[in-house]
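What follows is the structure in structure tokens.
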């Protein structure tokens with residue numbers, strides 16, 4: 001786990017680990033698993049809030065809880081850049097990690113698969129596989145999305161690929 | 001969907017809706033604080049910690065410092081910086097503020113120390129001090145890591161309150177310890193009875209203390225002892241005086257010193273500096289002078305005036321009695337001669353005596369009265385007259401002088417010059433020499449001798465002698481010439497040693513002195529006497545020489561006369577030898593005979609007279625009677641006389657003596673001639689004196705005239721026709737001189753000629769009547785030159801023949817006379833040559849006469865042979881009792897006696913009418 005920065009690591013260790021190994025097709029076991037997922041997300045969110053580091057909002061988009069949508073944001077140069085976030089729970093979950101999507105940024109960076117799925121570091125997968133079934137959605141966000149945002153957003157902003165919504169509004173107003 | 005899941009969904013929603021707490025970064029906070037500062041919302045100084053995470057106000061810092069100090073008592077600022085976490089700069093600043101606000105605190109060398117800390121420390125120290133009885137402050141300072149000055153100042157304020165002890169020289173002592181050391185010091189100081197250097201005392205005390213305390217004993221500082229000592233001195237617990245802070249002289253010692261000096265001086269009326277120095281008085285002279293102003297400081301001692309009175313009386317007595325005194329015998333034995341001299345110079349009687357020339361100080365301590373010196377002088381003079389023959393002394397002295405000159409010439413030279421100035425002056429150099437001698441032997445008192453030279457300078461020298469000293473220096477320049485002159489003056493005078501010996505003999509008291517002292521007294525005395533003796537000696541010498549010169553003249557005249565005669569004979573006989581030249585054996589025999597007889601007598605006569613003359617010249621008394629006619633000397637005597645003559649004369653004389661022993665007449669003649677020429681060479685004397693020279697020349701002229709008269713007389717005496725010839729010769733003296741080949745006595749007539757002779761070295765020294773420095777004068781002792789027999793020889797022989805009664809002796813005379821008659825040459829032949837001599841006459845005589853001669857000769861030979869056969873002594877044949885021999889002798893004698901008249905007749909018959917005169 002030495003590949004991640006110290007804050008990430010310390011945060012990760014504080015997120016409660018999950019116990020149930022069940023996928024969306026496992027019925028009651030999946031419900032159990034979903035409960036654990038919620039508990040972990042609550043802990044992680046509250047932890048972020050306590051550290052004044054709140055950076056996402058997600059909610060289950062279907063009752064089974066296999067699709068999740070929400071928002072995530074990053075503050076760069078005192079400007080808050082907010083993006084839509086969506087992902088599905090794969091069938092082989094928890095052996096397979098969910099693929100996080102930032103559809104707004106699709107085609108704007110190399111570190112992304114088609115459809116806005118972010119490219120995670122080479123270290124993510126082995127770590128996830130090693131910690132299966134103890135890692136859940138909260139862990140995936142903490143280990144995957146947060147570092148990706150911290151690394152990619154400043155580049156994207158500096159290169160002008162993305163613009164702050166105020167600027168967009170200003171430019172649009174200028175143009176209009 | 002179960003309930004729980006929904007609940008969890010809501011919870012999650014709620015958690016996501018909840019407001020997140022706001023966190024500010026450090027940077028933001030710093031900016032905010034700065035903003036606040038800029039906006040004057042915070043209007044006081046804010047300090048931040050070293051970590052940079054905290055802000056702190058100065059008040060808080062001060063508070064924290066105070067609490068820290070209160071807690072520890074002593075805090076270093078660096079420690080404070082660490083513990084409070086504020087920069088040292090602020091800590092220092094705030095610490096100063098804290099310390100200045102609080103009188104209890106002090107800031108020393110980066111440390112804040114509170115008073116209470118010192119108090120506790122003092123208590124600790126006190127505890128330790130009570131345990132150890134002494135602690136070094138330096139040790140404490142090292143222990144507490146503060147400066148010893150600081151700690152001592154801290155201790156001083158607490159001495160007697162918190163610390164029960166005493167701080168002394170960087171050392172803390174308990175009162176008990178101080179008391180103990182004080183007691184030691186007092187004991188030591190009281191125990192000392194002689195002056196001592198205090199530091200030495202302290203070191204011994206220190207050793208004592210260390211011994212008592214063992215290894216733990218701390219070295220006590222000397223200053224501690226010193227302060228204790230000074231305290232004791234102030235409290236009059238110990239008595240004495242302290243000089244230069246370290247030289248302690250106990251009162252008991254000072255008083256003992258004083259008492260000793262007092263008692264010694266009052267008892268003996270002198271005290272030597274040596275004894276004072278033994279008592280530890282470093283500058284005895286000043287000490288005594290300040291204490292006894294009436295006393296008199298000398299070189300080695302200090303005397304009371306009564307001493308002078310005593311000496312004065314003794315000297316006065318000695319001077320009155322015309323005696324002498326060694327002041328050292330009157331003065332205490334410690335007195336050395338320098339002191340004695342100084343005392344003498346202070347004696348009124350000596351001063352007056354010196355002024356009136358009635359006394360003489362010799363060898364610094366001896367006072368000789370004038371009468372005494374005069375007495376010694378007269379006695380010595382008498383002694384000298386009897387013991388020192390004037391001439392021999394001169395000879396001996398002549399040789400000895402160079403040696404003496406080298407060592408003593410110095411003095412004698414100066415003395416002879418200074419003698420006239422004053423007696424005291426003459427004395428001074430000798431005295432100096434005396435003192436030098438003193439130095440040399442040092443007399444077991446090196447200190448006094450070392451300071452002697454200084455004292456010599458300090459000494460107030462009487463003005464007279466000062467002047468004299470200067471004079472002595474001046475004279476040293478012209479010393480060489482002076483001494484040379486004096487050497488000549490004193491040639492033959494009695495030597496110093498001689499005088500010393502004589503004085504010793506005359507004044508036996510001097511013998512009692514030990515050798516060195518004797519030297520010091522006798523040398524100057526001898527020096528004093530010597531010039532006087534020399535003068536008197538010269539006086540007598542002069543008188544004697546004046547006498548002698550007359551006698552010398554007489555001797556010379558005699559010699560001349562006799563030499564004339566003998567030489568004439570000699571030449572006469574020599575002529576006859578020519579007749580025998582063809583007969584070698586006889587010739588030699590005749591030569592030898594002539595040398596043995598006539599030659600020997602001439603040599604003897606000449607040598608004897610020369611000896612007498614020499615003696616006279618040197619003033620040796622010669623008895624008149626010895627100057628008689630016949631002198632015969634053995635060859636040994638001859639040689640000794642010849643050798644006793646001096647210089648070249650001796651060589652020539654020896655040559656003459658040897659030639660007498662030889663066989664050749666010619667050699668003898670030349671030797672004789674050279675000796676005569678060389679003879680009477682007088683002593684070379686350089687001092688010319690015109691007046692005397694004048695006198696000489698006159699004397700010479702007188703002598704010449706006398707000589708002339710003598711020669712005339714001599715001629716007259718001859719009573720022969722030669723007188724005619726002489727008369728003729730008198731007329732043309734000058735011509736003769738020029739011709740210079742005549743058969744005459746050659747003699748110079750005029751002064752000019754004499755000068756010429758002088759230069760030629762023909763000399764007859766005429767010693768001047770003055771006795772000294774006579775100019776060399778010469779006079780030739782002439783050899784009479786004859787080329788033929790003299791008529792006096794003829795007369796002589798005829799008279800001898802006629803008188804002769806001994807038949808044996810008659811023959812040679814007759815033969816001689818016959819030769820004279822026939823060959824006009826006198827023959828002197830020994831018996832052996834007689835037959836040849838007679839046979840030679842054969843042709844010249846008529847037969848009867850020759851026959852008579854032959855008969856007589858054969859008879860004589862027979863008689864002599866009989867005589868020699870009968871006895872060894874033919875001269876006593878008359879007394880022979882041998883019957884036949886005596887008979888024969890008697891007959892022969894009768895025969896000879898009968899023939900005698902005939903023989904006499906042979907020669908005498910015709911002599912009167914046949915004198916042959918040489919032409």
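Chains as they are written, first to last, in the UniProt record's numbering: chain R, 1 to 176; chain S, 1 to 919. Think of the CB as a built atom: it goes at the ideal place given N, C-alpha and C, for glycine as much as any other residue.
Item                                                                                                                         : Value
Where residue 192 of chain S falls: helix, strand or coil (DSSP)                                                             : coil
Separation of residue 101 of chain R from residue 117 of chain R, as counted between CA atoms                                : 4 angstroms
Proximity to residue 17 of chain R [Cα-Cα], best of R:24, R:94, R:136                                                        : R:136
Rounded Cβ spacing between residue 178 of chain S and residue 190 of chain S (contact assumed at less than 8 angstroms)      : Not quite, the Cβ-Cβ distance comes to about 18 angstroms (not below 8 angstroms), so this is no contact.
Contacting positions in the stretch 12-25 of chain S - beta carbon closer than 8 angstroms to chain A                        : Considering every chain present, this structure includes no chain A. Its protein chains are R and S.
Residue 165 of chain R, buried or exposed, once every other Cβ within 10 Å from all chains shown has been counted against 16 : exposed
Minimum length 4: unbroken alpha helix (DSSP H) runs contained in the stretch 273-348 of chain S                             : 273-278, 284-291, 305-320, 327-330, 337-346
Residue 51 of chain R: contacting residues in chain S (beta-carbon distance under 9 angstroms)                               : 20, 21, 23
Any C-beta of chain S under 7 angstroms from that of residue 57 of chain R                                                   : yes
Distance, residue 369 of chain S Cα to residue 319 of chain S Cα                                                             : 5 angstroms
Contact under 7 angstroms by Cβ, residue 113 of chain S with residue 74 of chain S                                           : yes
Helix, strand or coil at residue 78 of chain S [DSSP, three-state]                                                           : helix
Nearest candidate by alpha-carbon position, reference residue 264 of chain S, set S:339, S:199, S:106, S:279                 : S:279
DSSP three-state assignment for residue 784 of chain S, whether helix, strand or coil                                        : Unreliable positioning characterises residue 784 of chain S in this predicted model, as indicated by a pLDDT of 45, which lies under 50. A coordinate reading is not provided.
Test: residue 61 of chain S CB closer than 7 angstroms to a CB of chain R                                                    : no
Contact set for residue 152 of chain S: own chain, Cβ-Cβ below 6 angstroms, skip 5 residues either direction                 : 137
Neighbour flag for residue 8 of chain S against chain R, beta carbons, 7 angstroms                                           : yes
Beta-carbon proximity check, residue 674 of chain S vs residue 657 of chain S, cutoff 7 angstroms                            : no
Within-7 angstroms CB hit, residue 4 of chain S to chain R                                                                   : yes
For residue 299 of chain S and residue 253 of chain S, believed in contact at Cβ under 8 angstroms, the rounded distance     : Contact flag wrong, Cβ pair sits at about 27 angstroms.
Residue from R:51, R:67, R:145 whose Cα sits closest to the Cα of residue 83 of chain R                                      : R:145
As assigned by DSSP and simplified to three states, the class of residue 229 of chain S                                      : helix
Range of the contiguous beta strand (DSSP E) that encloses residue 247 of chain S                                            : 247-250
Cα-Cα separation, residue 61 of chain R to residue 38 of chain R                                                             : 14 angstroms
Test item: CB-CB of residue 92 of chain R and residue 152 of chain R under 7 angstroms                                       : no
Per-residue contacts from residue 38 of chain R into chain S (C-beta, under 8 angstroms)                                     : 5, 8, 9, 11, 12
Spatial distance of residue 8 of chain S from residue 64 of chain R (CA atoms)                                               : 14 angstroms
Proximity of residue 818 of chain S and residue 900 of chain S at Cβ, strictly below 7 angstroms                             : no
Spatially closest choice to residue 58 of chain S from S:96, S:226, S:34, S:70, by CA coordinates                            : S:96
Within 7 angstroms, strictly: CB atoms of residue 327 of chain S and residue 344 of chain S                                  : yes
Distance, residue 78 of chain S Cα to residue 920 of chain S Cα                                                              : Here chain S covers residues 1 to 919 and nothing more, so residue 920 of chain S does not appear.
Below-7 angstroms beta-carbon distance, residue 45 of chain R vs any chain S residue                                         : yes
Residues within the stretch 19-33 of chain R neighbouring chain S, beta-carbon criterion of under 8 angstroms                : 31
Assigned exposure category for residue 175 of chain S - 16 Cβ within 10 Å defines buried                                     : exposed
Top-ranked residue by Cα proximity to residue 48 of chain S, from S:269, S:607, S:39, S:84                                   : S:84
Close Cβ partners of residue 44 of chain R (< 6 angstroms) along its chain, the five nearest in sequence each way excluded   : 15, 138
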